[in-house]
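Participant:
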Amino acid sequence: MTTRIKTKTLNVGNDQEIIDVPGNKLLEWLTDRKKIQQHWKRSQSNILKLIDNACEVTSIEKKEYSYYDCQRIFKEFEGAPGGNATTLFGAYSNVNTQKWFEVIKAYEKDNYHIGESCQILSHNLNYEIPNLRKTIEKSIKTIEEDQKKPYLKNKTTALSTFKKACNDLGIKGDKIREEIIELPLQLTPLFNEVVDSLSSNKSVSNSIEFYNNFLRLTKVELDDTCKEPLPLLLFLIKHGNVTMKEREIILNPQKIKLNDQIKDNYNNIKDDNNNNKNNENNENNNNNNNNNNNNNNNNNNNNNNNNNNNNNLNSENQPNLEIDWCITEDVVPIGEQPVIVWEDSEVDLDSQNIEWDDFSMDTIEMVDGSSITTTIELVESGGDVGNDNSKSDNNNFKSIPNIEIEEKDKQQEQEQKQEQKQQDRFDEPINPNETILEFRPLRNQFLDELFELEIFLNNRCFEMEKSNSMFGIDQLNDESTDISTSQCKEYLKSISDILIKLSNTRVRQILEIKSSKKFVDRLVLQFTQKQQNIAKYTQLIIESDQKIEDLNLTLGQSRNKIDQFNKETKILKSNLEQSISNSLFDKKKINIMIPFSLN
1 MTTRIKTKTL NVGNDQEIID VPGNKLLEWL TDRKKIQQHW KRSQSNILKL IDNACEVTSI
61 EKKEYSYYDC QRIFKEFEGA PGGNATTLFG AYSNVNTQKW FEVIKAYEKD NYHIGESCQI
121 LSHNLNYEIP NLRKTIEKSI KTIEEDQKKP YLKNKTTALS TFKKACNDLG IKGDKIREEI
181 IELPLQLTPL FNEVVDSLSS NKSVSNSIEF YNNFLRLTKV ELDDTCKEPL PLLLFLIKHG
241 NVTMKEREII LNPQKIKLND QIKDNYNNIK DDNNNNKNNE NNENNNNNNN NNNNNNNNNN
301 NNNNNNNNNN NNLNSENQPN LEIDWCITED VVPIGEQPVI VWEDSEVDLD SQNIEWDDFS
361 MDTIEMVDGS SITTTIELVE SGGDVGNDNS KSDNNNFKSI PNIEIEEKDK QQEQEQKQEQ
421 KQQDRFDEPI NPNETILEFR PLRNQFLDEL FELEIFLNNR CFEMEKSNSM FGIDQLNDES
481 TDISTSQCKE YLKSISDILI KLSNTRVRQI LEIKSSKKFV DRLVLQFTQK QQNIAKYTQL
541 IIESDQKIED LNLTLGQSRN KIDQFNKETK ILKSNLEQSI SNSLFDKKKI NIMIPFSLN
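The letter at position 372 of the sequence shown is residue 372 when you use full-length UniProt numbering, and the numbering goes up by one with no holes.
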C-alpha cells in the first residue's frame, strides 16, 4: 500500500510551472508516480563492480562514490589532454574516460542515480541533521546545568567549615589525631594564667572579702567540711596552682612527716630482716656442710666395723647368736593386763523428764560488749610447755581488758572519719604530679565557687540598682558591705572574665580530650568526615570540568558535522532538482521543500 503525497504546483507566468516536492519523502513521491521503478536497486551490484573496475584501471582510491562524484571524475578525465577523443563507434579512445563513462551510463539506466540521490537526501533530512541538532541542543543544555551546579560553592562551604572547626579547637588540621592528643599540654599555661590573674587582680580578693562579710552579717551556717567559704579559691590565691602532693603537704604537714618516718622505719626493718635472713641462710649452709662431712665419716666407720665383725665371725665360728630384744621385767604380759570395768550410768534413758535446774531469764546478765576491749599481751615463758606443774607461773598469754576509751582515740577516729569523707569526695584516683586545676574534682569545685561568687555579685548588683527592696543589701547597716554599684559591677566583670577563660567551648573540649579517649576518637571522626566532604566536592568539580570539556568537544564536532551535512544537502538538493526536471518532468522547474533551514 502506497501513500499519496500531495504536491503544490505554482504558476509563475504563463510559460513556467514550479512543482513543489517534499524533500523528506521525495523517493516515495517519485515511486508513487512511477517515475522511478519500485525495484530500482537491482542494478546496484553491477554499478559497484563497475566502480571498482574503474578505480583499479585509473589507480583511484576505492571508496563509496555517488553519481555526482563519478560525474566529477569523468569530467576530469574528459578534460585531460586526449581524454575526449572518440572512436568511429562513439566510444572514448581513452581507457580512463571510457571506464567512468560506463559507470555514469549504468547510473542513469532506470534512473538509478535519481533514486540513490533521493534516498541520501531523505536520510540526511530525516535522521542525520535532526540527530546532530538534538546532540547540539542536549550538549548545550547539559553544559548549562553543570555550570549551575553548586559544586564549587559546596566545596568552599565545606572548606570554610573545616578551617573554622580547626581554628575553634586550635589545630592546623594537617595531622588531626596527633594535634588533638597534644592539646591538653596547653592547659597548664592557661591555668597558671588564671591563677596569676586571681592573685594579681585586687577586685577578686575584694569580692571574696565582700562575700565573706555578707555571710558573716547574715549568719549563714557553713557545712562541716568547710571551715570558711570559698576554701579552694582562697587556697589558689595564696599558694597558686600547686601539685596535689604539694597541696597535701601544705594541708597536712604532720601527716606527711609521720608517713615519711613510717616508711623509713619500715625500710630499716626490712633491711634488717633481709640481713638476718642472709645470715641464717649462711649458717644453715655451713651446718649442712658439716653434717654432710660427719655422715660421710660415720659411713666409713660403719663399713670398717662391718668388715671387722665379719672377720671375727669367720675366725671364732660361733654357731648360736644372742639377740638383745630390749625386754625388761616391768612389761606386763598380755594375759595379765588389767580389765577396765564400765560402771552403769545412773541416767535413766527411758525417763522423759529432764531436770534443767533453775534456768530463767532473771539469771542472765546482759553485758554491753562494745565498752569492753581485750588486748592480748605476749609474755615469754622459760618453762617447759608440757610441764603441768608450771601452769600458774609460765602462762604464754595474758589478757588485759581495757574498759575505758581515751579521749585521744576518739579524736583520732574523728580525724580519720573526716579524712575518709574528703577522700570519698574524689571519685578519681589522685595523681600527685597533677596540679590542682588539672585534677577534675578540684577543678569543678573551683568553677562552682566562681559561679557561686558570680551569682552573689549579680544579685547584689540587681539589689543595688533597685534600693527600695525590703530585703536588700542596703538594709545591712555595716561598713564592710557598703560598696557602690560600679564597684560591684567591677567585681562581677573580673569574675566573669575568669569564667569565660575556663568555661568556653575550646577549653571544655580540651578537658574532655584529656579525660576521654572515646571523645578523641569522636572528634577525629568528625574532622575526617569534613575532610571527606571536601575531597568529595573536589572530585565532583574535577568530574564536572572533564564532563564539560567532553561536551564542548562533542559540541564542536557536531557543529562541524552539521555544517558539512547542510552544505552537502544544499548541493544535493540543487542537483536533484535539475536531474528530476531534465529526466522526469520535461525540464519543468522542481522545488524540493526542506522542513528546516539548512543555514
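Every residue, glycine too, gets a C-beta built ideally from N, C-alpha and C.
#1: Considering only residues of the region 16–96, which uninterrupted alpha helix (DSSP H) runs meet the minimum length of 4 residues and lie entirely inside it, listed in chain order?
#2: What residue range does the beta strand (DSSP E) around Lys589 cover?
#3: Return the Cβ separation of Val195 and Leu236 in integer angstroms, given the expectation that the two are a contact with Cβ distance under 8 Å.
#4: Pull up the DSSP beta-bridge partners for Thr243, would you.
#5: Just curious, the alpha helix (DSSP H) that Ile114 is in, first and last residue?
#6: Less than 7 Å between C-beta atoms, sequence neighbours within five positions excluded: which residues of the same chain meet that for Glu322?
#7: Between Cys166, Lys245 and Glu568, which has its C-alpha nearest Asp69's C-alpha?
#8: Are there 16 or more other CB atoms within 10 angstroms of the CB of Leu169, so buried, or fewer, so exposed?
#9: Considering Asn126, what are the terminal residues of the alpha helix (DSSP H) in which it resides?
#10: Thinking C-beta only, is Asn504 closer than 8 Å to Thr243?
#11: For Phe462, which three-state DSSP category applies?
#12: How far does the alpha helix (DSSP H) with Lys530 in it extend, from its first residue to its last?
#13: Can you give me the Cβ contacts of Thr485 inside the same chain, cut-off strictly under 7 Å, excluding the 5 residues immediately before and after it?
#14: By how many angstroms is the C-alpha of Arg133 removed from the C-alpha of Gln546?
#15: What number of angstroms, rounded off, separates the C-alpha of Phe596 from the C-alpha of Ser574?
#16: Is the beta carbon of Lys35 sitting closer than 8 Å to the one on Leu540?
#17: Any idea what DSSP makes of Leu230, helix, strand or coil?
#18: Would you grab the beta carbon distance between Glu97 and Phe74 for me? Rounded to a whole angstrom, and I think it's under 8 Å.
#19: Could you check where the alpha helix (DSSP H) with Gln186 kicks off and where it finishes?
#20: Quick check: the region 154–165 against the region 527–539, are there 3 or more CB pairs under 8 Å?
#21: Let's test the definition: count the other Cβ atoms within 10 Å of the Cβ of Arg177 and tell me whether it reaches 16, buried, or not, exposed.
#22: Is Ala106 near Ile60, with beta carbons less than 8 Å apart?
#23: Can you give me the Cβ contacts of Gln38 inside the same chain, cut-off strictly under 7 Å, excluding the 5 residues immediately before and after it?
#24: Using the Cα positions of Arg247 and Glu228, report the straight-line distance between them to the nearest angstrom.
Facilitator: On the basis of the supplied data:
#1: 26–32, 44–58 and 67–79
#2: Lys589 to Met593
#3: 5 Å
#4: Thr435
#5: Tyr112 to His123
#6: With a pLDDT of only 49 at Glu322, under the threshold of 50, the placement of this residue in the model should not be trusted, and no figure is reported.
#7: Glu568
#8: buried
#9: Asn126 -> no alpha helix (DSSP H), and no H or E assigned at all.
#10: no
#11: helix
#12: Lys517 to Ser583
#13: Cys461, Met464 and Glu465
#14: 23 Å
#15: 16 Å
#16: no
#17: coil
#18: The question names Glu, yet the displayed sequence has Thr at residue 97. With a Cβ gap of about 7 Å, Thr97 and Phe74 count as contacting.
#19: No alpha helix (DSSP H) holds Gln186; DSSP gives it neither H nor E.
#20: yes
#21: exposed
#22: no
#23: Thr31
#24: 17 Å
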